[in-house]
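Respectively, the protein sequence lines represent chains A and B. For the first sequence, the residue numbers in the working numbering are 1 to 110. For the second sequence, the residue numbers in the working numbering are 111 to 227. Just so it is clear, CB atoms sit at the ideal spot from N, CA and C, and this is done for glycine as well. As the structure is a prediction and not an experimental result, all values here were calculated from the model. Report on the structure given below.
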Amino acid sequence: AQRVTQPEKLLSVFKGAPVELKCNYSYSGSPELFWYVQYSRQRLQLLLRHISRESIKGFTADLNKGETSFHLKKPFAQEEDSAMYYCALNLSDTGNQFYFGTGTSLTVIP
Amino acid sequence: DAGVIQSPRHEVTEMGQEVTLRCKPISGHNSLFWYRQTMMRGLELLIYFNNNVPIDDSGMPEDRFSAKMPNASFSTLKIQPSEPRDSAVYFCASTSGEGLAEYNEQFFGPGTRLTVL
Numbered sequence: 001a002q003r004v005t006q007p008e009k010l011l012s013v014f015k016g017a018p019v020e021l022k023c024n025y026s027y028s029g030s031p032e033l034f035w036y037v038q039y040s041r042q043r044l045q046l047l048l049r050h051i052s053r054e055s056i057k058g059f060t061a062d063l064n065k066g067e068t069s070f071h072l073k074k075p076f077a078q079e080e081d082s083a084m085y086y087c088a089l090n091l092s093d094t095g096n097q098f099y100f101g102t103g104t105s106l107t108v109i110p
Numbered sequence: 111d112a113g114v115i116q117s118p119r120h121e122v123t124e125m126g127q128e129v130t131l132r133c134k135p136i137s138g139h140n141s142l143f144w145y146r147q148t149m150m151r152g153l154e155l156l157i158y159f160n161n162n163v164p165i166d167d168s169g170m171p172e173d174r175f176s177a178k179m180p181n182a183s184f185s186t187l188k189i190q191p192s193e194p195r196d197s198a199v200y201f202c203a204s205t206s207g208e209g210l211a212e213y214n215e216q217f218f219g220p221g222t223r224l225t226v227l
C-alpha cells in the first residue's frame with residue numbers, strides 16, 4: 001500500500017495565485033513529514049520539515065493528523081517555484097525508513 | 111564536503127548487459143538509500159543501509175538488482191542483466207541518523223540517468 005499519496009501529478013497556477021500541493025499519508029504512529037523539492041537540473045533537496053513549523057521560500061505545511069494530511073501551501077506563487085515537489089514520510093519507529101510520494105510537478109505561469 | 115557523489119552521471123547500455131552504479135555518501139553519515147525515479151512511479155525506495163548493513167530491500171524490483179555497501183564510504187547498485195524497463199534516474203541519498211529522527215534530512219546525490227536500449 002502506498003504510504004504517501006500525492007494525488008496531482010501536474011499542477012499549473014498563474015503567478016501571484018495561491019498554490020496548494022496535496023499530500024496524504026498512511027501511518028498509525030507519530031509521523032515525521034517532509035517536503036522535498038527538485039528544481040530543474042538540480043538535486044533533490046529538503047524544502048521543509050513539519051517538526052520545525054517553518055516557512056521556507058514562502059511555503060508552509062501543516063500536519064493534520066485527523067485528515068492524515070501534510071499539504072504544502074504558498075499564498076502567492078512565483079515563477080521560480082516551478083519544480084517537482086515530493087512529500088516524504090519517515091517511519092521513525094523503525095529507524096530511518098523514508099517513503100516518498102510520486103511527486104507533483106508545479107508550473108507557475110507568468 | 112562535496113555532498114553525495116554518484117557515478118556515472120549517465121549510462122547508456124544494451125539490454126542484457128551488467129550495469130553498476132556507484133555512490134559515495136557524505137562522510138560521517140551512517141544511513142544510505144538507493145531510489146529509482148520514473149515518470150510513472152515517482153521516487154521509489156529500493157534499499158537502504160544503516161551502518162553498512164542492509165535494513166530493508168523490499169523495494170528491490172527483482173533478483174536482477176543487488177546492492178552492496180562494503181564500507182561506510184561506498185555503495186554499489188548492480189543490475190544484471192539489464193532490461194529496457196530499468197531505464198530511470200537512480201538516486202543515492204545519505205543521512206546522519208544522529209539526534210532526533212525528525213530532523214534527519216536526506217542529502218541526495220545528482221543521480222545516474224540510466225538508459226537501457
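According to DSSP, is residue i helix, strand or coil?
{"i": "P75 (chain A)", "result": "coil"}
{"i": "S52 (chain A)", "result": "helix"}
{"i": "R195 (chain B)", "result": "helix"}
{"i": "D166 (chain B)", "result": "strand"}
{"i": "E80 (chain A)", "result": "helix"}
{"i": "R223 (chain B)", "result": "strand"}
{"i": "P180 (chain B)", "result": "strand"}
{"i": "E154 (chain B)", "result": "strand"}
{"i": "K22 (chain A)", "result": "coil"}
{"i": "F70 (chain A)", "result": "coil"}
{"i": "A17 (chain A)", "result": "coil"}
{"i": "R132 (chain B)", "result": "strand"}
{"i": "N214 (chain B)", "result": "coil"}
{"i": "V108 (chain A)", "result": "strand"}
{"i": "K188 (chain B)", "result": "strand"}
{"i": "Y145 (chain B)", "result": "strand"}
Establish whether the CB of residue i and some CB of chain A are separated by less than 9 Å.
{"i": "Y158 (chain B)", "result": "yes"}
{"i": "A177 (chain B)", "result": "no"}
{"i": "P220 (chain B)", "result": "yes"}
{"i": "E121 (chain B)", "result": "no"}
Pull up the CB-CB distance for residue i and residue j, whole angstroms please, since I reckon it's below 8 Å.
{"i": "F59 (chain A)", "j": "L33 (chain A)", "result": "Actually they do not touch by this definition, with Cβ atoms about 13 Å apart."}
{"i": "Y288 (chain B)", "j": "L224 (chain B)", "result": "Summary: the structure shown does not reach residue 288 (chain B), with chain B confined to residues 111 through 227, and so no result is reported for it."}
{"i": "F217 (chain B)", "j": "I136 (chain B)", "result": "6 Å"}
{"i": "Y27 (chain A)", "j": "L106 (chain A)", "result": "Not quite, the Cβ-Cβ distance comes to about 25 Å (not below 8 Å), so this is no contact."}
Are any of the Cβ atoms in chain B nearer than 9 Å to that of residue i?
{"i": "N24 (chain A)", "result": "no"}
{"i": "T102 (chain A)", "result": "yes"}
{"i": "Y27 (chain A)", "result": "no"}
{"i": "Y99 (chain A)", "result": "yes"}
{"i": "F70 (chain A)", "result": "no"}
{"i": "L44 (chain A)", "result": "yes"}
{"i": "F14 (chain A)", "result": "no"}
{"i": "Y36 (chain A)", "result": "yes"}
Does the stretch 72-82 of chain A come within contact of the stretch 111-125 of chain B, defined as at least 3 CB pairs closer than 8 Å? The way I'd put it, the stretch 72-82 of chain A doesn't touch the stretch 111-125 of chain B; fewer than three beta-carbon pairs between them come closer than 8 Å.
Please list the residues of the stretch 123-155 of chain B that have a C-beta atom closer than 7 Å to any C-beta atom in chain A, keeping them in chain order. Hits within the stretch, in order: S141, F143, R151, G152, L153 and L155.
For the stretch 22-39 of chain A against the stretch 123-130 of chain B, are there 3 or more C-beta pairs whose distance is under 8 Å? No, the stretch 22-39 of chain A is not in contact with the stretch 123-130 of chain B.
Inter-stretch contact at 8 Å, needing at least 3 Cβ pairs: the stretch 1-18 of chain A / the stretch 45-65 of chain A: Under the 8 Å Cβ criterion, the stretch 1-18 of chain A does not count as touching the stretch 45-65 of chain A, having fewer than three qualifying pairs.
Name the residues in the stretch 50-65 of chain A whose C-beta lies less than 9 Å from a C-beta of chain B; which are they? For the stretch 50-65 of chain A, the residues whose beta carbon sits under 9 Å from a beta carbon of chain B are, in order, H50, I51 and S52.
Cβ contact (3+ pairs, closer than 8 Å) linking the stretch 212-221 of chain B and the stretch 161-168 of chain B: By the Cβ rule, the stretch 212-221 of chain B does not count as touching the stretch 161-168 of chain B, because fewer than three pairs are nearer than 8 Å.
Would you be able to state if there are at least three C-beta pairs under 8 Å between the stretch 135-145 of chain B and the stretch 176-194 of chain B? Yes, the stretch 176-194 of chain B touches the stretch 135-145 of chain B.
Along the stretch 161-172 of chain B, what residues have a CB closer than 8 Å to any CB found in chain A? If the cut-off is 8 Å between Cβ atoms, the stretch 161-172 of chain B has I165 and D166 near chain A.
Scan the stretch 193-204 of chain B for residues whose Cβ lies nearer than 7 Å to a Cβ of chain A and list them as they occur along the chain. Result list: F201.
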